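Peer 1:
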Ligand SMILES: CC(C)(COP(=O)(O)OP(=O)(O)OC[C@H]1O[C@@H](n2cnc3c(N)ncnc32)[C@H](O)[C@@H]1OP(=O)(O)O)[C@@H](O)C(=O)NCCC(=O)NCCS
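Residue numbers (the numbering used here): 7 to 197.
#1: I need the DSSP call for residue 193, collapsed to helix, strand or coil.
#2: Less than 8 angstroms between the CB atoms is what I'm expecting for residue 103 and residue 137, so what's the real figure, rounded?
#3: Measuring only the C-alpha atoms, how far is residue 29 from residue 155?
#4: On the criterion of 16 or more Cβ atoms from any shown chain inside 10 Å, does residue 12 qualify as buried, or is it exposed?
#5: Looking at the strands, I want to know which residues DSSP matches up with residue 83.
#6: Heavy atom of ligand 1 less than 8 angstroms from the Cβ of residue 138, yes or no?
#7: Decide if residue 43 is buried, meaning its Cβ has at least 16 other Cβ atoms within 10 Å, or exposed.
#8: Would you mind giving the Cβ-Cβ distance between residue 144 and residue 174, rounded to the nearest angstrom? I have them listed as a contact below 8 angstroms.
#9: Give me, in chain order, the residues of the same chain whose beta-carbon lies closer than 7 angstroms to that of residue 134; leave out the 5 immediate sequence neighbours on both sides.
#10: Threshold first: 4 residues or longer. Then list the alpha helix (DSSP H) segments lying entirely within the region 103-156, N to C.
#11: Here's the rule: buried if 16 or more other CB atoms are within 10 angstroms of the residue's CB, otherwise exposed. What is residue 181?
#12: How many whole angstroms separate the CB atoms of residue 70 and residue 86, which I take to be in contact at a CB cut-off of 8 angstroms?
#13: Quick one: is residue 7 buried, meaning 16 or more other Cβ sit within 10 Å of its Cβ, or exposed?
#14: What does DSSP give as the partner residues of residue 162 in its beta bridges?
#15: Return yes when at least one heavy atom of ligand 1 lies under 8 angstroms from the C-beta of residue 151, else no.
#16: Check whether the Cβ of residue 107 sits closer than 8 angstroms to any heavy atom of ligand 1, and report yes or no.
#17: Give a single yes or no on whether residue 79 has its beta carbon closer than 8 angstroms to a heavy atom of ligand 2.
#18: Is the closest heavy atom of ligand 1 to the C-beta of residue 156 under 8 angstroms?
#19: Closer than 8 angstroms: is that where the CB of residue 113 sits relative to any heavy atom of ligand 1?
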């Protein structure tokens with residue numbers, strides 16, 4: 007029997023700028039994740055220049071907070087918390103977890119679970135009561151992850167996405183942050 011090495015998962019909030027090496031690694035991880043079944047909008051990788059512009063844009067949009075997940079120090083995935091627009095007073099209680107992905111080489115180590123937890127913790131810390139998300143019905147891994155994390159499915163859109171010339175359904179979820187206590191752990195090594 008071979009012994010499994012302990013992998014280290016760390017999650018951080020990106021600041022307003024990414025170091026060039028981190029931007030490069032984030033683009034690599036996203037490219038790879040898109041090729042391996044994506045999940046965050048793109049069906050094929052958009053080319054490096056556009057991808058870099060995308061991430062730089064994320065960093066300067068005030069409503070977006072980017073969380074980066076590392077496995078053994080290498081950027082392996084990310085997720086974003088999107089706050090409601092300032093004019094949206096009626097929905098100022100709710101924010102959204104979006105564009106989550108983990109590169110396939112890093113999957114199965116708890117990176118997505120820890121990213122989800124980090125987004126949830128920040129949503130609570132910012133005073134939001136509800137965390138929303140949506141996911142393609144074909145993303146079974148993500149569906150398992152979010153249902154295990156206590157998200158409630160409240161609806162399914164039959165024409166949520168359009169992939170390979172066909173409509174793909176998508177599920178909509180929410181989590182009531184006022185009902186569940188924060189269960190966050192500090193950066194840890196176990197999945
Ligand atoms: C879904 C995804 C984010 C999971 O990332 P990951 O880092 O491997 O997930 P974790 O290791 O944190 O696992 C979290 C849970 O999900 C489960 N899981 C992960 N991938 C799974 C899969 N393909 N099928 C079933 N369950 C899966 C794990 O077993 C674990 O469950 P547990 O808590 O009951 O043990 C990743 O596979 C991915 O990026 N997929 C494509 C894009 C996508 O679906 N994005 C999210 C929607 S926008």
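For every residue, glycine included, the Cβ atom is placed at its ideal position computed from N, Cα and C. This structure is a prediction, so every number in the text was calculated from the model and none was measured.
Peer 2: The short version:
#1: Indexing the chain shown from 1 puts residue 193 at position 187. Reliability fails at residue 193, whose pLDDT of 47 lies under 50, so the model's placement of it is uncertain and no value is given.
#2: Here residue 103 is taken as the residue at index 97 of the chain shown, counted from 1. Here residue 137 is taken as the residue at index 131 of the chain shown, counted from 1. About 6 angstroms separates the two Cβ atoms, so the contact holds.
#3: Along the chain shown, one-based indexing puts residue 29 at 23. Along the chain shown, one-based indexing puts residue 155 at 149. Residue 29 and residue 155: Cα-Cα distance of roughly 29 angstroms.
#4: In the chain shown, the residue the question calls residue 12 occupies position 6. Answer is exposed; the Cβ neighbour count stays below 16.
#5: Numbered from its first residue, the chain shown carries residue 83 at position 77. 75, 108, per the DSSP bridge assignment.
#6: In the chain shown, the residue the question calls residue 138 occupies position 132. Incorrect: residue 138 has no Cβ contact closer than 8 angstroms to ligand 1.
#7: Position 37 of the chain shown, counted from the start, is the residue given in the question as residue 43. Exposed, since its Cβ has fewer than 16 Cβ neighbours within 10 Å.
#8: Counted from its first residue, the chain shown places residue 144 at position 138. Counted from its first residue, the chain shown places residue 174 at position 168. Contact holds; Cβ gap of about 6 angstroms.
#9: Position 128 of the chain shown, counted from the first residue, corresponds to residue 134. Around residue 134: 99, 100, 101, 183.
#10: 117-131, 146-154
#11: Residue 181 sits at position 175 when you count from the first residue of the chain shown. That one is buried.
#12: The residue you call residue 70 lines up with position 64 of the chain shown. The residue you call residue 86 lines up with position 80 of the chain shown. About 5 angstroms separates the Cβ atoms of residue 70 and residue 86, confirming a contact at the 8 angstroms cut-off.
#13: Mapped onto the chain shown, residue 7 falls at position 1. Any reading at residue 7 needs caution, since the residue's pLDDT is 49, under 50, leaving its predicted position unreliable; the model's value is listed next. With fewer than 16 Cβ atoms within 10 Å of its Cβ, residue 7 is classed as exposed.
#14: Here the question's residue 162 lines up with position 156 in the chain shown. BP columns for residue 162 point to 177.
#15: Indexing the chain shown from 1 puts residue 151 at position 145. Yes, ligand 1 has a heavy atom inside 8 angstroms of this Cβ.
#16: The count along the chain shown starts at 1 and reaches residue 107 at position 101. It does: the Cβ of residue 107 is within 8 angstroms (strictly closer) of some heavy atom of ligand 1.
#17: Absence of ligand 2 is noted for the structure shown, with ligand 1 being the only ligands found.
#18: Counting from 1 along the chain shown, the entry for residue 156 is found at position 150. Not under cutoff, so the answer is no.
#19: Position 107 of the chain shown, counting from 1, holds the residue named residue 113. Yes.
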